[in-house]
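Undergrad: I'd like to ask you about the structure that follows.
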Amino acid sequence: MLKCRMDVLNDYLRKHVHENDPNGSKIKITKAMDKVAPLHLKDLGMMYDAMGETCSYINEIFNYQILMTLASTFTYVLATISSSLQYLRTPNKASETLTMIVMWCMKCICTVTTMCLGCDKLASARNDTKVLVNDIIMDYERPPQTRLLAKAFMELTKTWRMKISVYDMFFVDITLILKFISVATTYLIVIIQISHFIK
364 MLKCRMDVLN
374 DYLRKHVHEN
384 DPNGSKIKIT
394 KAMDKVAPLH
404 LKDLGMMYDA
414 MGETCSYINE
424 IFNYQILMTL
434 ASTFTYVLAT
444 ISSSLQYLRT
454 PNKASETLTM
464 IVMWCMKCIC
474 TVTTMCLGCD
484 KLASARNDTK
494 VLVNDIIMDY
504 ERPPQTRLLA
514 KAFMELTKTW
524 RMKISVYDMF
534 FVDITLILKF
544 ISVATTYLIV
554 IIQISHFIK
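Printed below as a string of structure tokens:
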């Protein structure tokens with residue numbers, strides 16, 4: 364929901380960036396923008412501030428749930444790895460338990476991946492907002508008042524980063540998946556080494 368609102372905000376900012384364009388370059392304007400009166404930078408800044416507060420509240424409310432989702436996914440991955448090693452040694456046993464664990468593991472991994480991709484798209488939309496506001500600031504042909512409003516808007520983008528974190532320990536974005544895979548691979552190596560000693 365926040366990402367969709369951020370896209371609408373970016374459409375309005377693109378309209379502001381290209382309103383003084385001498386080439387008259389065409390920009391993508393949604394149907395909703397045609398029906399609404401043009402918004403000033405101050406209004407857009409207030410919209411961004413409201414979205415930043417909403418993102419902060421979402422982060423505070425779902426910190427524990429995100430942490431538990433990541434912890435359970437990591438636990439299922441480790442259980443799958445250790446169970447796989449156990450069942451590889453005894454192939455005559457039924458593998459129904461292993462199949463169930465693998466299915467739970469894949470479900471949890473899909474949940475984490477979807478969450479990371481959604482949060483990464485929101486952060487990417489915020490970066491687009493920052494670039495568009497910077498374009499307004501760097502246009503010296505604009506009135507000084509407009510550039511001052513754009514500078515205030517830029518301060519808002521620095522204040523509200525639009526990133527979801529888990530108790531400020533790490534951010535939930537696309538890099539979290541890579542870190543997750545890296546840690547799981549390290550534990551795979553450790554479990555394989557320990558399993559050789561247990562023989």
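For the sequence shown, the positions run 364 to 562 when this note's numbering is used.
Where a beta carbon is used, it is the ideal one built from N, C-alpha and C, also for glycine.
Just so it is clear, the structure is predicted and the values come from calculations on it, not from any experiment.
(1) Assuming contact is defined by CB atoms lying nearer than 8 Å, are Leu485 and Met525 in contact in what I supplied?
(2) Quick check: the Cα distance between Glu518 and Met532, rounded to an integer number of angstroms?
(3) Residue ranges of each alpha helix (DSSP H) run of no fewer than 4 residues wholly in the region 475-502, ordered along the chain?
(4) Along the chain, where does the alpha helix (DSSP H) containing Lys521 start, and where does it finish?
(5) Excluding the 5 residues flanking Lys366 on each side, which residues of the same chain have their C-beta closer than 6 Å to its C-beta?
(6) Indicate the three-state DSSP secondary structure (helix, strand or coil) for Val535 in the structure shown.
(7) Thr522 and Lys493 - do their beta-carbons sit closer together than 8 Å?
(8) I'd like the list of long-range same chain contacts for Val380, defined as Cβ closer than 7 Å, with 5 residues on each side in sequence excluded.
(9) Determine the contact status of Thr474 and Thr432, defining contact as a CB-CB distance below 8 Å.
(10) Report yes if the CB atom of Leu512 is closer than 8 Å to the CB atom of Lys378, and no otherwise.
(11) What separation, rounded to the nearest whole angstrom, lies between the Cα atoms of Val542 and Met466?
(12) Quick one: Cα of Ile464 to Cα of Gly415, how far?
(13) Relative to the C-alpha of Ile429, which candidate in Ile557, Pro506 and Tyr530 has its C-alpha closest?
(14) So the alpha helix (DSSP H) His379 belongs to, where does it begin and stop?
(15) Work out the CA separation of Leu448 and Ile555 for me, nearest whole Å.
(16) If you compare alpha carbons, which of Phe560, Ser528, Ser558 and Thr476 is closest to Glu423?
(17) Could you tell me which whole beta strand (DSSP E) segments of length 3 or greater appear in the region 410-470?
(18) Whose CA, out of Leu372, Met478 and Asp412, lies closest to the CA of Ala515?
(19) Taking C-alpha atoms, which residue in His559, Ala547, Cys482 and Ile552 lies nearest to Thr438?
TA: This is what the structure gives:
(1) Position 122 of the sequence shown, counted from the first residue, corresponds to residue 485. Position 162 of the sequence shown, counted from the first residue, corresponds to residue 525. Taking 8 Å as the Cβ cut-off, Leu485 and Met525 qualify as a contacting pair.
(2) Indexing the sequence shown from 1 puts residue 518 at position 155. Indexing the sequence shown from 1 puts residue 532 at position 169. Going by the C-alpha atoms only, they are around 24 Å apart.
(3) DSSP runs (the alpha helix (DSSP H)) wholly in the region 475-502: none.
(4) Counted from its first residue, the sequence shown places residue 521 at position 158. Element bounds for Lys521: Pro507 to Thr522.
(5) Within the sequence shown, numbered from 1, the residue matching residue 366 stands at position 3. Short of 6 Å from the beta carbon of Lys366, and not among the five residues preceding or following it, lie these beta carbons of its own chain, in chain order: Lys484, Leu485 and Ala488.
(6) Along the sequence shown, read from residue 1 onward, the residue named residue 535 stands at position 172. In the three-state reduction of the DSSP assignment, Val535 falls in the coil class.
(7) Locating residue 493 in the sequence shown gives position 130, counting from the first residue. Locating residue 522 in the sequence shown gives position 159, counting from the first residue. The answer is no: Cβ separation not under 8 Å.
(8) Position 17 of the sequence shown, counted from the start, is the residue given in the question as residue 380. Leu495, Asp498 and Ile499.
(9) In the sequence shown, residue 474 corresponds to position 111, counting from 1. In the sequence shown, residue 432 corresponds to position 69, counting from 1. Yes; because the gap between Cβ atoms is below 8 Å, this pair is in contact.
(10) Numbered from 1 along the sequence shown, position 149 holds the residue referred to as residue 512. Numbered from 1 along the sequence shown, position 15 holds the residue referred to as residue 378. No, these two residues do not count as a Cβ contact at 8 Å.
(11) Your numbering for residue 542 matches position 179 in the sequence shown. Your numbering for residue 466 matches position 103 in the sequence shown. According to the sequence as given, residue 542 is Lys; it is not Val. Going by the C-alpha atoms only, they are around 22 Å apart.
(12) Counting from 1 along the sequence shown, the entry for residue 464 is found at position 101. Counting from 1 along the sequence shown, the entry for residue 415 is found at position 52. Computed Cα separation, rounded: 39 Å.
(13) Locating residue 429 in the sequence shown gives position 66, where the first residue counts as 1. Nearest C-alpha to Ile429: Tyr530.
(14) One-based indexing of the sequence shown puts residue 379 at position 16. Residue range Leu365 to His381 is occupied by the alpha helix (DSSP H) that includes His379.
(15) Within the sequence shown, residue 555 is the residue found at index 192, counting from 1. Within the sequence shown, residue 448 is the residue found at index 85, counting from 1. Straight-line Cα distance between these residues: approximately 8 Å.
(16) Translated into positions along the sequence shown, residue 423 becomes position 60. It is Ser528 whose Cα lies nearest to the Cα of Glu423.
(17) Counting only runs of 3 or more, we get nothing.
(18) Along the sequence shown, read from residue 1 onward, the residue named residue 515 stands at position 152. The residue among Leu372, Met478 and Asp412 with its C-alpha nearest the C-alpha of Ala515 is Asp412.
(19) Indexing the sequence shown from 1 puts residue 438 at position 75. The residue from His559, Ala547, Cys482 and Ile552 with its alpha-carbon nearest to that of Thr438 is Ala547.
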